[in-house]
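Reviewing the structure listed below.
In the UniProt record's numbering, the protein residues as written are 1 to 119.
Shown next as structure tokens:
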């Protein structure tokens, strides 16, 4: 992991539902952050920027777009063994949340910004 922030040491498994034209799928990924407030702020920012042109945000946990709808369903703190197993399987995207809860910065393990993936 190309993480230069030594304070980021907790990892959460995040679950979202994504509905595209009536087809719903579950999306899971790993979030590394200093604490739950940073992790949740990162997930909320990801929901707000999933696709361009956010039409509506409901209760900070549901985002409606022209393309579909995204719901934030779950966030579970992983212990070291769970984290190692899920990272070792290499099928989940892993994101690092830094910055502040008011202005989270979301990057992948190589330092690429979340917004580069969604635009």
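Built from N, CA and C at the ideal position, the CB exists for glycine as well.
### Buried versus exposed, by CB contacts within 10 Å (16 or more), residue 26
For the purposes of this step, residue 26 is taken as residue 26 along the chain shown, with counting starting at 1. Burial call: exposed.
### Message
Taking its Cβ as the centre, do 16 or more other Cβ atoms sit within 10 Å of residue 104, making it buried, or is it exposed?
### Response
To locate residue 104, count along the chain shown from 1; it is residue 104. Result: buried.
### Message
The alpha helix (DSSP H) that contains residue 99, what's its start and end?
### Response
Taking the first residue of the chain shown as position 1, residue 99 is located at position 99. In the DSSP assignment, residue 99 falls outside any alpha helix (DSSP H) and lies within the beta strand (DSSP E) extending over 93-100.
### Query
Pairing CB atoms from the segment 58-76 with CB atoms from the segment 85-99, are three or more of them under 8 Å?
Between the segment 58-76 and the segment 85-99, the count of Cβ pairs shorter than 8 Å is below three; the stretches do not touch.
### Query
Which residue spans inside the segment 11-77 form an unbroken alpha helix (DSSP H) run of at least 4?
Contiguous alpha helix (DSSP H) elements confined to the segment 11-77 occur at 36-48, taking only those with 4 or more residues.
### Query
Nearest to residue 118 by CA position, among 48, 33, 12, 61, is which residue?
Position 118 of the chain shown holds residue 118. Comparing Cα-Cα distances from residue 118 to each of 48, 33, 12, 61, the minimum goes to 48.
### Query
By how many angstroms is the C-alpha of residue 67 removed from the C-alpha of residue 10?
In the chain shown, counting from the first residue as 1, residue 10 sits at position 10. In the chain shown, counting from the first residue as 1, residue 67 sits at position 67. For residue 10 and residue 67, the distance between alpha carbons rounds to 32 Å.
### Task
Measure the alpha-carbon distance for residue 56 versus residue 46 and round it to whole angstroms.
Residue 56 sits at position 56 when you count from the first residue of the chain shown. Residue 46 sits at position 46 when you count from the first residue of the chain shown. Their Cα atoms are separated by approximately 14 Å.
### Message
Using C-beta distances below 8 Å, list every residue in its chain close to residue 3, excluding the 5 sequence neighbours before and after it, in chain order.
### Response
What you label residue 3 is simply residue 3 of the chain shown in a count that begins at 1. Reliability of the predicted coordinates at residue 3 is poor, the pLDDT of 43 falling under 50, and the value obtained from them is presented with this limitation in mind. Annotation for residue 3: 32, 96, 109 place their beta carbon closer than 8 Å to its own, counting only its chain and skipping 5 residues before and after.
### Task
Kindly identify the DSSP beta-bridge partner or partners of residue 108.
Within the chain shown, the letter at position 108 stands for residue 108. Paired residue(s): 95.
### Task
Answer with buried or exposed for residue 70, where buried requires no fewer than 16 other C-beta atoms within 10 angstroms of its C-beta.
Translated into the one-based positions of the chain shown, residue 70 becomes position 70. Looking at its Cβ environment, which holds 16 or more other Cβ atoms inside 10 Å, residue 70 is buried.
### Message
Could you compute how far the alpha carbon of residue 36 sits from the alpha carbon of residue 106?
### Response
Sequence index remark: in the chain shown, residue 36 carries index 36 (1-based). Sequence index remark: in the chain shown, residue 106 carries index 106 (1-based). About 15 Å.
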